[in-house]
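A.B. asks: Numbering (numbering that gives the first Met the number 0), first residue to last: 0 to 139.
Don't be surprised by glycine CBs; every beta carbon is placed ideally from N, CA and C.
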Amino acid sequence: MQITPEALEDEFSLQTAATRLDFLSRRDSGTTSLNTVADRDDDDWSSLLSDETQLDVPESLELLALGEVIARKAHDSQLTGFRAALRGGASWEQIAAALDVTPAEAWAAYHRAIERQERSAVLDASAAAAARELAGARPA
């Protein structure tokens, strides 16, 4: 099996992916020299006695792919947050502050999120139109 975000995305919920990513991140001590390849004998149990831990290639690829899975899942949930804030009466200034961007950038990000969900068929045309209406006019 090839380790890709697509392969892991269906396998892990956001919470499980984050827990696994945290576990793998903590397992690698990072104390090995950069840009060196470790030649390990997988049958040598004495390597477990070392204080240093290092991820093997499949684990390091999984760590990278899990980071991408988490980023995608978090990015996909952004539309939910936008819509909830807007329905609750939040201003674009408040939403922008939560995202650490300008109001115009927040408004544009909201519209990009709608487009992504529309392209991936999560939102149909009428739901996308309702989401756009909820946004109101672009802030100055």
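Spatial neighbours of Lys-72 within its chain, please: C-beta separation below 6 Å, excluding the five flanking residues on both sides.
C.D. replies: Working through the sequence shown from its first residue, we reach residue 72 at position 73. The residues are Leu-13.
A.B. asks: Indicate whether His-110 and Ala-139 have their beta-carbon atoms separated by less than 8 Å.
C.D. replies: As a position in the sequence shown, residue 110 is number 111, starting the count at 1. As a position in the sequence shown, residue 139 is number 140, starting the count at 1. In this structure, Ala-139 does not lie closer than 8 Å to His-110 by Cβ.
A.B. asks: With H, G and I counted as helix, E and B as strand and the rest as coil, what does DSSP make of Ile-2?
C.D. replies: Within the sequence shown, the letter at position 3 stands for residue 2. Reduced to three states, the DSSP call for Ile-2 is coil.
A.B. asks: Please work out which residues of its chain come closer than 8 Å, Cβ to Cβ, to Ala-84, disregarding the five sequence neighbours upstream and downstream, and give them in chain order.
C.D. replies: Taking the sequence shown and counting its residues from 1, one reaches residue 84 at position 85. Within the same chain, Ala-84 has close Cβ partners Gln-93, Ile-94, Ala-97.
A.B. asks: Applying the 10 Å Cβ sphere with the 16-neighbour rule, what's the burial state of Gln-116?
C.D. replies: To locate residue 116, count along the sequence shown from 1; it is residue 117. So Gln-116 counts as buried.
A.B. asks: Keeping to the same chain, check which residues put their C-beta closer than 6 Å to that of Leu-62; ignore five residues upstream and five downstream.
C.D. replies: Here the question's residue 62 lines up with position 63 in the sequence shown. Excluding sequence neighbours, Leu-62 sits near Leu-23.
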